[in-house]
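Line by line, the protein sequences are chains A and B. Heads up: the first sequence begins at 86 in our numbering, then just goes up one per residue. Heads up: the second sequence begins at 24 in our numbering, then just goes up one per residue.
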Amino acid sequence: KAGVTQTPRYLIKTRGQQVTLSCSPISGHRSVSWYQQTPGQGLQFLFEYFSETQRNKGNFPGRFSGRQFSNSRSEMNVSTLELGDSALYLCASRQGGEETQYFGPGTRLLVL
Amino acid sequence: GESVGLHLPTLSVQEGDNSIINCAYSNSASDYFIWYKQESGKGPQFIIDIRSNMDKRQGQRVTVLLNKTVKHLSLQIAATQPGDSAVYFCAENQGGSEKLVFGKGTKLTVNP
Chain A
86 KAGVTQTPRY
96 LIKTRGQQVT
106 LSCSPISGHR
116 SVSWYQQTPG
126 QGLQFLFEYF
136 SETQRNKGNF
146 PGRFSGRQFS
156 NSRSEMNVST
166 LELGDSALYL
176 CASRQGGEET
186 QYFGPGTRLL
196 VL
Chain B
24 GESVGLHLPT
34 LSVQEGDNSI
44 INCAYSNSAS
54 DYFIWYKQES
64 GKGPQFIIDI
74 RSNMDKRQGQ
84 RVTVLLNKTV
94 KHLSLQIAAT
104 QPGDSAVYFC
114 AENQGGSEKL
124 VFGKGTKLTV
134 NP
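If you want it as structure tokens, here you go:
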């Protein structure tokens with residue numbers, strides 16, 4: 086099976102812009118979670134989607150949002166970008182009923 | 024608050040030696056623990072997991088030990104190889120929650 090894929094892999098934006106990141110889970114996985122990774126804060130949970138519904142949310146401002154489509158693909162959106170949003174954004178998928186999450190390669194976002 | 028931390032930020036070993044990476048967790052309600060390996064420029068890669076009803080689990084060259092009494096988790100890597108050089112993260116999944124809480128990571132360097 087193909088692994089979790091994320092697009093784009095690299096992105097440069099300026100403050101105030103918005104960005105949309107995409108994640109395709111492993112085939113058959115219906116749960117998709119998003120994490121932000123920075124050198125200072127490490128890996129932090131953003132949110133999780135299962136069957137197009139957000140089931141869990143981390144402590145991030147409302148500028149961070151996401152959605153999941155009927156084919157389990159997920160997108161996350163960050164509006165009004167700030168310099169501190171520069172990070173590696175990771176997507177992970179898992180099968181329903183199982184706990185092991187498998188990560189994609191991430192999208193490296195740089196906000197200038 | 025709940026957190027998962029690591030005792031050492033860096034670990035340097037000689038090729039062929041055994042490596043031990045430690046992790047402390049604070050939430051006694053956590054019932055699932057997982058170790059990930061992250062190489063530079065890549066997403067975290069699943070290594071091994073363990074449930075709270077076990078105290079030891081073995082994989083290929085890796086062993087995870089769980090001591091619930093002192094809330095301590097360790098990853099042992101046998102015959103460490105240069106390809107094992109990476110950052111290792113432990114994470115916990117608190118019962119009923121789909122989100123993983125990650126430690127800060129330990130950077131393992133294997134010297135030839």
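Yeah, the Cβ is synthetic: ideal placement off N, Cα and C, and Gly gets one too.
The region 77–84 of chain B and the region 124–135 of chain B do not touch, with fewer than 3 CB-CB distances between them shorter than 8 Å. Taking a beta-carbon distance threshold of 8 Å, glutamine 103 of chain A does not count as an interface residue toward chain B. Assignment of beta strand (DSSP E) within the region 132–156 of chain A, counting only whole runs of 3 or more residues, yields 138–142, 149–153 in chain order. Residue nearest to proline 93 of chain A within the set A:Ser178, A:Tyr187, A:Glu160 is A:Glu160 (criterion: CA-CA distance). The alpha carbon of phenylalanine 135 of chain A has as its nearest neighbour, out of A:Lys142, A:Gln153, A:Leu195, A:Gly147, the alpha carbon of A:Gln153.
At a cut-off of 8 Å between beta-carbon atoms, phenylalanine 188 of chain A makes contact with chain B. Along the region 119–143 of chain A, going in chain order, the ones with a CB nearer than 7 Å to a CB of chain B are Gly127, Leu128, Phe130, Glu133, Arg140, Asn141, Gly143. Counted as a single uninterrupted DSSP element, the stretch harbouring glutamine 83 of chain B is not any beta strand (DSSP E), since DSSP gives it neither H nor E.
For the set A:Leu175, A:Leu173, A:Glu184, A:Gln102, the Cα lying nearest the Cα of histidine 114 of chain A is the one of A:Glu184. Taking C-beta separations shorter than 7 Å and ignoring five residues to either side along the sequence, the partners of alanine 172 of chain A in its chain run Gln121, Gln122, Thr123, Leu194, following chain order. Put simply, the region 93–101 of chain B touches the region 41–59 of chain B. At least three CB pairs are less than 8 Å apart. Minimum Cα-Cα distance from glycine 88 of chain A among the listed residues A:Leu197, A:Glu167, A:Cys176, A:Gln126 corresponds to A:Cys176. Contacts with chain A (Cβ-Cβ distance below 9 Å) from the region 107–133 of chain B involve Phe112, Ala114, Asn116, Ser120, Glu121, Lys122, Leu123, Val124, Phe125, Gly126, Lys127, Gly128, listed in chain order. Annotation for histidine 95 of chain B: the continuous beta strand (DSSP E) segment containing it runs 95–100.
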